[in-house]
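Novice: Below is one structure. I have some questions about it.
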Amino acid sequence: MVDENTDICQVTVKRAGSDLTRPSSVIIRSKKTNPVSAKANMDYIPVSKTLYFSPGVRTQTVNIVILDDLGQPVREGPEYFELALALPINARVAVPERTFVVINDTHSDLPRIQFKVPLYTIDEEDGMLSAILVRSGDLSQRSAVRCYTRQMTAKAGVDYYERSNSDDDIVTFEAGERTQECRVAIVDDSLYEGNEEFRLVLGQPELQHSVGKSLIGKRSRTTIRIADNNDRSGIGFEQKRHFVNEPSDEDEGSFVKLVVVRNGDTSRTSQVRLYTKDGSAKADMDFAPLSKVLTFGKNVTRLQVKIKILHDEKREMREAFTVHLTKDRNRVALIESDKVIVYIQENLYRTGVTFPLTPTVVSLKDYDDISKAKAEPIQGYPLICVTACDPKHPRYPETGSLCSRQSIDNTKTWYSWEVAAATGPDAVTNDFRSIDSQTFFASTSMITLDSIYFGPGSRVRCTSRAITYQNYKGLGSTSDPVTISRKEGLCLPQQMGDIGSESFSAQITYTGLESTTHPNMIRIRILVPHIDGMLPALSTKSLSNFEITLTADASRRGQHLCSNLLDTHEVQTKSGFLTDHVTRMSGGTEPYQYSSELRGKSTLRFYHNLNLESCMWTFENYYTMSELVQECGGKIATDGQVHDLTRSHLSVRVPLYVSYIYHSPSALGGWMHFDHSSYLKMSFTYDTAVLWKDGIGTPEGSVLKGYLYPTGVVIRPQDKRLVVTFRTVARFRGTFILAREDQNILSMVMSPDQPNLSFQLKLLRSAPTYNSPEQMWQFVSEFSVRDYSGTYYVKLIPCTVTQNVKYSVPLKCNPRMPITFTLPIRFQQTSDPDAVEFNIRTQFFLLARRDVWLSNETNKVMEQSDAAFSLGSIIYGRIMVDPQQSLGSAYHVSVEKIFVCSGLDGYIPQYSPDNEEYGCLADSKLLSYRFKILDRGAPHMITRKFRNVPFAATLAIDDENAHVLVEQSNSDGFRFDSSPLFQVASGRQWYLHAIYTIRSFRSSTRGIGKRSTVIGESSHMVHSLSKRSATKSAKDSPQGAALVRSIKLVYNDDITDNGPGGIRRDASDDGSSSLSMKWVLIVVITVCFILLVAVIVLMMLYRRKSRPVTTKVVEPGEQMQGTEV
1 MVDENTDICQ
11 VTVKRAGSDL
21 TRPSSVIIRS
31 KKTNPVSAKA
41 NMDYIPVSKT
51 LYFSPGVRTQ
61 TVNIVILDDL
71 GQPVREGPEY
81 FELALALPIN
91 ARVAVPERTF
101 VVINDTHSDL
111 PRIQFKVPLY
121 TIDEEDGMLS
131 AILVRSGDLS
141 QRSAVRCYTR
151 QMTAKAGVDY
161 YERSNSDDDI
171 VTFEAGERTQ
181 ECRVAIVDDS
191 LYEGNEEFRL
201 VLGQPELQHS
211 VGKSLIGKRS
221 RTTIRIADNN
231 DRSGIGFEQK
241 RHFVNEPSDE
251 DEGSFVKLVV
261 VRNGDTSRTS
271 QVRLYTKDGS
281 AKADMDFAPL
291 SKVLTFGKNV
301 TRLQVKIKIL
311 HDEKREMREA
321 FTVHLTKDRN
331 RVALIESDKV
341 IVYIQENLYR
351 TGVTFPLTPT
361 VVSLKDYDDI
371 SKAKAEPIQG
381 YPLICVTACD
391 PKHPRYPETG
401 SLCSRQSIDN
411 TKTWYSWEVA
421 AATGPDAVTN
431 DFRSIDSQTF
441 FASTSMITLD
451 SIYFGPGSRV
461 RCTSRAITYQ
471 NYKGLGSTSD
481 PVTISRKEGL
491 CLPQQMGDIG
501 SESFSAQITY
511 TGLESTTHPN
521 MIRIRILVPH
531 IDGMLPALST
541 KSLSNFEITL
551 TADASRRGQH
561 LCSNLLDTHE
571 VQTKSGFLTD
581 HVTRMSGGTE
591 PYQYSSELRG
601 KSTLRFYHNL
611 NLESCMWTFE
621 NYYTMSELVQ
631 ECGGKIATDG
641 QVHDLTRSHL
651 SVRVPLYVSY
661 IYHSPSALGG
671 WMHFDHSSYL
681 KMSFTYDTAV
691 LWKDGIGTPE
701 GSVLKGYLYP
711 TGVVIRPQDK
721 RLVVTFRTVA
731 RFRGTFILAR
741 EDQNILSMVM
751 SPDQPNLSFQ
761 LKLLRSAPTY
771 NSPEQMWQFV
781 SEFSVRDYSG
791 TYYVKLIPCT
801 VTQNVKYSVP
811 LKCNPRMPIT
821 FTLPIRFQQT
831 SDPDAVEFNI
841 RTQFFLLARR
851 DVWLSNETNK
861 VMEQSDAAFS
871 LGSIIYGRIM
881 VDPQQSLGSA
891 YHVSVEKIFV
901 CSGLDGYIPQ
911 YSPDNEEYGC
921 LADSKLLSYR
931 FKILDRGAPH
941 MITRKFRNVP
951 FAATLAIDDE
961 NAHVLVEQSN
971 SDGFRFDSSP
981 LFQVASGRQW
991 YLHAIYTIRS
1001 FRSSTRGIGK
1011 RSTVIGESSH
1021 MVHSLSKRSA
1031 TKSAKDSPQG
1041 AALVRSIKLV
1051 YNDDITDNGP
1061 GGIRRDASDD
1071 GSSSLSMKWV
1081 LIVVITVCFI
1091 LLVAVIVLMM
1101 LYRRKSRPVT
1111 TKVVEPGEQM
1121 QGTEV
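By the numbering used here, the letter at position 881 of the sequence shown is numbered 881, and the numbering carries on one by one without gaps.
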């Protein structure tokens, strides 16, 4: 017997007997019973199969497939079919030869009832849960099942209505029904309880008369989860956005009311903090900041908060700030909407003002009578934008009342300007462009537009925006364009259409000490011819990138420290080319030429250098020597070069770059420039035309059209050759090329006015297209001449293509005959300015006090300079530049060598090479002693002792405690011991001879800590300046290579210090005054001895005068032995 849901029924056939060594077989086949019970192919799969028994095999198994009602279970009861064995081979069929298979579905096809899923989730507010029951098996009869509840975290009667485990709560399946619902009612309360769960369980009911038997499936229970999300307490703003109008004045109270609501469970207390946060609206300026704790008590669902809106003078279309909520401090409620945006709006009537009429653009010359203004404003003078609310407007009597009604303040009007390049020869107009290349001194947002922003033929228009007295911005209004005259101007070029620049003039002079305004300074004066629309730029640094250099960018202030491109507040030197003091130029003035209200103060500061009557710019400024080297880029050209026999000089070369700049919408960066360069030279001794902005077109009648735009004309500094850069635009499909493939025809440049010049033409870059490509070219002259003025013919080869040809490299086009462009240029080289030369005065002091020697107070040094020195005292020497001629920190005084000498028979050494007198520098028969005690370059070549008494000479730079003096750029010094000078007879006069240099800071070795041995003595001599001092006073000597100074010594036989304010007389006098009777004999003997010594000394002096005197020069390292008397 097998169950119907069994897929396979296995039947075993056994073989028995004494001899199983032979193979055998038998056929097993299925047969239906009589009467028919189980049906083949409905209840089972019929079988007819031969079973083979190999030798020794006793059993074989047959698998019979049982069919389970083809997926539609019906209880049929037991069913039979028969299996029989037949036709054995090498065997016989034993008993039983037949067997019956019983298929029983009495139990397997019973209905089974179970839950569809193991878990159900339902929101508490849904109210009713329907759990799905699924019945499988025989559905032909009615079935019933109990469905009852069992509580878990959810409680019966509190969270749901209970179903009992009785026949009162059964679920009935009618015949044929597969699914049914088990319903449970959910209790919806207002308390937040979180997620709660209970179970539904299936059970067997008591069988009733009309209900068949059924089974409970494996999923006999399911879990019900009650979600209580909506009962969770939630706090948030009622609205996400609020709009409020800004109060019109400070006294008007305006508040925004915010409502904070709480939803869900309100049985507990919640606390949240409300606070404001800045956006475009700022606290204490646009609204009153607020930070407040909101407390929701039991059953409280709404709270209201007011925030004050403040009045300010700034007018924006709309400002905003945000208000936020923090988390519940009690952790009861969730924050659902934690932010609200508050928009503060301007009143609409404040933003809608506008001018009654469009503005009018006229020349500033015609501002007083606009009705008679010329249709085409002149070149070279500013334009003005006149609104309908300007009292000078021709129709102001009609529009004035409309302006007053809208409270328009014309003085606050906001302006902007647009310029279009001049119309070309083909009558094609160019588009208007906003002026984005604004200069640092001329704004483009004023009522006037400076003349540097437009040229002949340019079209200009302005836009004005009305602003009320309360600073409310209105609507913009654009004027009709005006065309600048090509024929009228204030400073027109000599020939209309010329392009280039005229030469400038530069002067450099020394003011001297006599100047009352700028003593001891260098004056630089530059004259530049003016042409309408031209802007001159001067600097000691190379000028380039004018789209940045002319703006207020910091790079201009950092690079061009000595330039007319710095306004007064940007100048870092003592003075600048532009000053706050604006003076009226001589001659007649144009209307409103000096009106700071219309043109701006910075504009007037720049233009006060222009004389419109003579059409000449004059720039003048004063610099110190240090500024020229440290700030202006000056370089020492000849640092210590021989000027003549007795003087030396130092030369400084300051570069000067001058550019003539024109505004051009067609040029790269908006500016076209012509560049000049030169040098300003100085030394001291110590003892341009109108620019075409619309391009140069091809000659009339040419089949192929094109335009040439000059972009730069420069004299190359290294070889003074002419370099011209220009841009071309082809007005045909194709491009310009340098040469044809056969090289028979070349693009070239020639000038009939410069027949001796040839030019090298280069193509710098070209746009990769055949549709009107832009190309950049440059030609350079082969030679240099002073005047490059003349007419230049630029011949370029056009290369055309058809419409279907695409751009490729190499070019595939058809060369045509060259097109000639005529380019008139007037450009002359500027001669270098004359160099300036002046003298520097120096002073030599000998001091007895170290503190005075180190002092930086000039008066203190001069007062203590007349000092006398006794045996063992230290002599301090100091050399300094006259304070009135201070050169600043760019230059340094440096002591190089010190000589000490003494003349023979009262000879006073002098430094006068013209008379073959060299002071203490050279050996002479007129000198009795000569020592070199200091040498910066060769310290091993000095005399260190005289008669075994050391000089102990030291330069200030080698004195560790003399850094105060070393850091003073205009002074240097030395010191030595006076003791060796007292090793000769009293009354001898000693002299000091100093060799020093004045050099640039870079060439000086001060402060380095090492001495250079490269510079020889002769080099030091030519850098020195001579000054001699007599015994009591210093007298100026002729210019020379050194300073000579006498030394006042105090010997023991003179008055000698004996303590403060005390003196003592000679020893012999003291002995005689204290002589007593008991020492008479000793005194007599002493006097006799003295007389004997005196006689011997007189004899030696007599012999010395009668013989020739020779001077011995002490070799390096040799101890000096002077001649004794």
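Heads up, the beta-carbon is just placed ideally off N, CA and C, and yes, glycines get one too.
Small disclaimer: the values here were computed from a predicted structure and weren't measured.
(1) Can you tell which of Arg302, Phe454, Asp43 has its C-alpha closest to the C-alpha of phenylalanine 81?
(2) Which residues share a DSSP beta bridge with aspartate 866?
(3) In angstroms, rounded to a whole number, what distance separates the CA positions of valine 300 and proline 356?
(4) I'd like to confirm the pairing. Which residues does DSSP put opposite glycine 56 in its beta bridges?
(5) Decide if the stretch 171–178 is in contact with the stretch 148–157; the criterion is three or more beta carbon pairs, one per stretch, under 8 Å apart.
(6) Could you give the DSSP three-state label for lysine 277: helix, strand or coil?
(7) Evaluate threonine 444 with the Cβ neighbour count: other Cβ atoms within 10 Å of its Cβ, from every protein chain shown; 16 or more gives buried, anything less gives exposed.
(8) Are the stretch 454–461 and the stretch 420–439 in contact at 8 Å, needing three or more beta carbon pairs?
(9) By the three-class DSSP mapping on this structure, what secondary structure does asparagine 165 have?
(10) Three or more C-beta pairs under 8 Å: does that hold for the stretch 908–923 against the stretch 980–994?
(11) Taking the runs of the alpha helix (DSSP H) that are 4 residues or longer, which of them lie wholly in the stretch 518–583?
(12) At what residue ranges does the stretch 716–754 contain a whole run of the beta strand (DSSP E), taking only runs of 3 or more?
(13) When the distance is taken between beta carbons, is alanine 38 closer than 9 Å to valine 101?
(14) Does the Cβ-Cβ distance between serine 758 and tyrosine 793 come in under 9 Å?
(15) Should the stretch 668–684 be called in touch with the stretch 782–793, which here means at least 3 C-beta pairs below 8 Å?
(16) If valine 261 and arginine 302 are in contact, beta carbons under 8 Å, what's the gap, nearest whole angstrom?
(17) Under the DSSP definition of a beta bridge, which residues are partnered with glutamine 141?
(18) With three or more C-beta pairs closer than 8 Å as the rule, is the stretch 332–344 touching the stretch 356–372?
(19) With 16 other CB atoms within 10 Å as the buried threshold, where does serine 986 fall?
(20) Provide the residue span of the alpha helix (DSSP H) that contains threonine 399, from first to last.
(21) Considering Cα atoms alone, identify which of Gln495, Ser54, Asn63 is closest to serine 48.
(22) DSSP three-state call for glutamine 803: helix, strand or coil?
(23) Could you tell me the alpha carbon to alpha carbon distance between glutamine 10 and glycine 194, rounded to whole angstroms?
(24) In the stretch 959–1001, which residue ranges form an unbroken beta strand (DSSP E) of at least 3 residues, counting only runs that do not cross its ends?
(25) Is the stretch 892–902 in contact with the stretch 925–937, if contact means three or more CB pairs nearer than 8 Å?
(26) Could you check how far apart the C-beta atoms of glutamine 778 and lysine 762 are, in whole angstroms? I think they sit under 8 Å.
(27) Is the stretch 378–390 close to the stretch 503–517, with three or more CB pairs under 8 Å?
(28) With arginine 219 and leucine 200 assumed to form a contact (beta carbons below 8 Å), what rounded beta-carbon distance in angstroms separates them?
(29) Return the CA-CA distance between leucine 492 and leucine 746, expressed in angstroms with no decimal places.
(30) Report all residues from its chain with a CB closer than 6 Å to the CB of leucine 543; omit the five preceding and five following residues, and keep chain order.
(31) Within 10 Å of its beta-carbon, does cysteine 462 have 16 or more other beta-carbons around it, so buried, or fewer, so exposed?
(32) In three-state terms, what does DSSP make of valine 11?
(33) List the DSSP bridge partners of lysine 292.
(34) Since methionine 625 is in the alpha helix (DSSP H), which residue starts that stretch and which ends it?
(35) What first and last residue would you give for the beta strand (DSSP E) that runs through threonine 179?
(36) Going by C-alpha distance, which of Met748, Val749, Tyr807 is nearest proline 768?
Specialist: This is what the structure gives:
(1) Asp43
(2) Leu846
(3) In a straight line, the C-alpha of valine 300 is about 58 Å away from that of proline 356.
(4) Answer by DSSP bridge pairing: none, since glycine 56 is not bridged.
(5) no
(6) strand
(7) buried
(8) yes
(9) coil
(10) Flag = yes, the stretch 908–923 and the stretch 980–994 touch.
(11) Counting only runs of 4 or more, we get 546–549, 554–559.
(12) Qualifying beta strand (DSSP E) stretches, in chain order: 722–730, 734–737, 748–750.
(13) yes
(14) no
(15) No, they do not touch.
(16) Taking 8 Å as the upper bound for CB-CB distance, valine 261 and arginine 302 are in contact here, some 5 Å apart.
(17) Per DSSP, none; premise fails for glutamine 141.
(18) no
(19) exposed
(20) 396–405 is the extent of the alpha helix (DSSP H) around threonine 399.
(21) Asn63
(22) coil
(23) 58 Å
(24) Secondary structure remark: continuous beta strand (DSSP E) runs of at least 3 residues inside the stretch 959–1001, in chain order: 971–977, 990–1000.
(25) yes
(26) 5 Å between Cβ atoms; contact.
(27) Not touching, per the Cβ criterion.
(28) In fact, because the Cβ distance is near 11 Å, the residues do not count as touching under 8 Å.
(29) Answer to the nearest angstrom: the Cα atoms are 37 Å apart.
(30) Ala537, Tyr657, Ser659
(31) buried
(32) Of the three classes helix, strand and coil, the one that applies to valine 11 here is strand, per DSSP.
(33) Per DSSP, Leu274.
(34) 625–630
(35) In the DSSP assignment, threonine 179 falls within the beta strand (DSSP E) that extends over 179–185.
(36) Tyr807
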